[in-house]
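Residue numbers (UniProt numbering), protein chains in the order written: chain A, 1 to 169; chain B, 1 to 191; chain C, 1 to 183.
Ideal Cβ placement from N, Cα and C applies to all residues, glycine included.
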Amino acid sequence: MLHTQAVFSLIIINKAGGLIYQREFQAGLRKLSTNDYLVLAGTFHGVHAITRSITPKIPLAPTTNSPAASPGTSTPAASSYSYPNPGASVSGLDYLESDKFRLTCFQTLTGTKFLLFTDPMTGNVETIINKIYDLYADYVMKNPFYQLEMPVRCEAFDRHLGAWLRGRT
Amino acid sequence: MSTTKASRIGEEIWKTRIDKVNAELVTLTYGTIVAQLCQDYDSDYKQVNQQLDKMGYNIGLRLIEDFLAKSGVGRCANFRDTADMIAKVGFKIFLNVAPTVTNWASDNNQFSLIFDENPLADFVELPDDGRAQDELWFSNILCGVLRGALEMVQMQIEAHFVSDVLRGDDTTEMRVSLVRYIEDEMPPEEE
Amino acid sequence: MSYYFTILSPTDTPIFNIAFGTSKGGGDGIARFRFPDTAQYMNQFIIHSSLDIVEEAQWINGGMYLKHIDTYPPAAAYISAFLTPSGARFLLLHQPPQLPSGTSSGLGSSSLLGSSASTTRASSSSVAANPTSPQTEEAVRQFMNEVYESYVKTAMSPFYKQGMEIKSPVFRTKVTGAGKKWL
């Protein structure tokens, strides 16, 4: 049973590229072995790092050396390249789409990555991810017995996550 | 991001997204912890300061995710932004105080937080054994929290109190210094 | 008017003492008891001797403030009491200034009636001189409430242990302040 709000599964990867959480929300998904999930997480982590490092830079608009030239026509020195928006950090791969699913990656500033597999038609994925991050902060990070960077085995997180996703659809 | 914008964000989150608890509960809980530590360490206040810092560090490591999830703010462009974020958003949403950021070092890597009020220290009067006034930093847990939280967002800092109204000083001031930005986000051996 | 204020823990240990004089009507806030300075323990004796009455009164009167509960005529000492729910007792001894000998003999005949008779004569002056007038009761109540508030805060300090002597200079200042304000 598929509908437009479908969330297939969630993977959480710690900042070292280790798989710390994996859960399916839809019946009928093809099962991967635990090992495959670990490999998937590690591979994605690597690919994500590569996409970050290949983010292209654009030439800097001249500021002091040629005030007369209009920004579009100048040819800056080779070193003066910068990211399009220097204020924003380089995010790397944000999402990956196929005709059957969409993979959205959300990396927190601490380096944890949330990978959400959804139906390509699902809207507002960002809201869903933000809510998951909220729940993660509440029920995983604030659980004093959760060891940082270790696999998430927090029953309360499972419960609230499941309830919230069910309530949404 | 300007200080006023940070204040606005902090105010907004405080109003809409924070569960409130009774202030006395927090104050008494924290006070009891400190008093118990003083007892357990036989009034070795240097040890107590260290323990508080350690506890704070462990809180910071976890609390940062809550801060990021609730505030939704992005990476700070520089350390001055970071200072505003800490003072006007972080302290605001977790303790409902907004310390003043001041006394910047010329290289912009060191600043002071001046606390006009400190909910952890309400009702507190330090033991009058003649040493606590000089050795105990009652709210030292806050230094640890900052250290832990900033470490998670790739900043190694050092924080310590330089004065405290509990000791009879005019202000409560914490000094925060940036040691370095932690560049390699991922430990190389695990790549 | 001179005052002697004491806090007794639930186990009758004195945990705080202070002596002060009135600041009303031009008073300088310095205690001048009728005993010589070497006999200040008299205040403590008088206050402690009223504990029996406090213990009787506390079950009759529903409030925390028991008002004026005891008089010790030989020293013209009036005792007011205030109870905290946790069992601490605030006791205030007040002693009006030395009155002309005719009046003091009236006091000597004891009882509240005697004293109220004397107070009507002195009623022109401040709260201080009328230990049992409604104004005095009210002033003492305000004083007690204010001290109670400070006491709660002091007791909430994590380094204060219940039943321990209150050494806090802040508390002492607050009590002195409350005395100045109301008495």
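Query, Result
"Distance between Gly17(A) and Ile42(A) (C-alpha atoms, nearest Å)", "Per the sequence presented here, residue 42(A) reads as Gly, with Ile not at that position. Rounded to the nearest angstrom, the two C-alpha atoms are 5 Å apart."
"As assigned by DSSP and simplified to three states, the class of Ile30(C)", "coil"
"C-beta neighbour in chain A for Asn24(B), strict 7 Å", "A quick correction: the sequence has Glu, not Asn, at residue 24(B). Chain A, which has no Cβ nearer than 7 Å to the Cβ of Glu24(B), makes this no."
"Residue 196(B) at chain C interface by Cβ criterion, 7 Å", "There is simply no residue 196(B) to check, as chain B begins at 1 and stops at 191 in what is shown."
"Cβ neighbours of Phe79(B) in the same chain (closer than 7 Å, five flanking residues each side left out)", "Asn108, Asn109 and Leu178"
"Spatial distance of Leu126(B) from Phe159(C) (CA atoms)", "7 Å"
"Ile54(A) Cβ short of 6 Å to the ligand FAD heavy atom set", "The ligand FAD is absent from the structure shown, which contains no ligand whatsoever."
"Per-residue contacts from Val124(B) into chain C (C-beta, under 9 Å)", "Met156, Ser157, Pro158 and Phe159"
"Per DSSP, the bridge partner or partners of Glu65(B)", "Glu65(B) is not bridged to any residue."
"The region 37-54 of chain A touching the region 91-106 of chain A, judged by at least three CB pairs closer than 8 Å", "yes"
"7 Å Cβ cutoff, Lys67(C) in contact with chain B", "no"
"Chain C contact for Leu166(B) (CB, 7 Å cutoff)", "no"
"Which of helix, strand or coil DSSP assigns to Ser9(C)", "coil"
"Distance between Ile15(C) and Gln40(C) (C-alpha atoms, nearest Å)", "17 Å"
"Residue(s) in a DSSP beta bridge with Arg175(B)", "Ser112(B) and His160(B)"
"Per-residue contacts from Ala137(A) into chain B (C-beta, under 7 Å)", "Glu65, Asp66 and Ala69"
"Cβ distance (whole Å) where Glu137(C) is taken to contact His94(C) below 8 Å", "The pair is not a contact, with the Cβ atoms about 11 Å apart (cut-off 8 Å)."
"Cα-Cα separation between Gln133(B) and Asp42(B), rounded to whole angstroms", "16 Å"
"The region 9-25 of chain C in contact with the region 143-159 of chain B per 3-pair CB rule at 8 Å", "no"
"Contact between the region 144-153 of chain A and the region 18-30 of chain A (3+ Cβ pairs under 8 Å)", "yes"
"CA-to-CA distance, Leu63(B) to Val124(B), given in whole angstroms", "25 Å"
"Per DSSP, cross-strand counterpart(s) of Ser82(A)", "Ile58(A)"
"Limits of the unbroken alpha helix (DSSP H) element including Gln133(B)", "Ala132 to Glu135"
"Where Met152(B) meets chain A, residues with beta-carbon distance less than 7 Å", "Thr110"
"7 Å Cβ cutoff, Arg62(B) in contact with chain A", "yes"
"Closer than 7 Å to chain B by CB, Tyr133(A)", "yes"
"Nearest residue (CA-CA) to Val145(B), options Gly168(B), Phe67(B), Trp104(B) and Leu25(B)", "Phe67(B)"
"For Tyr21(A), the residue or residues it bridges with in DSSP", "Ile12(A)"
"7 Å Cβ cutoff, Asp128(B) in contact with chain C", "yes"
"Interface partners of Val170(C) on chain B, CB under 9 Å", "Glu125"
"DSSP state of Cys76(B) mapped onto helix, strand, coil", "coil"
"In DSSP terms, what Gln95(C) is bridged to", "Ser2(C)"
"Strand pairing of Arg102(A), partner residues [DSSP]", "Glu97(A) and Thr118(A)"
"Minimum Cβ-Cβ distance from Glu148(A) to chain B less than 7 Å", "The question names Glu, but residue 148(A) is Leu in the sequence shown. Yes, its Cβ sits closer than 7 Å to a Cβ of chain B."
"Thr82(B) versus Lys31(A): straight-line alpha-carbon distance, rounded", "44 Å"
"Within-7 Å CB hit, Lys174(C) to chain B", "no"
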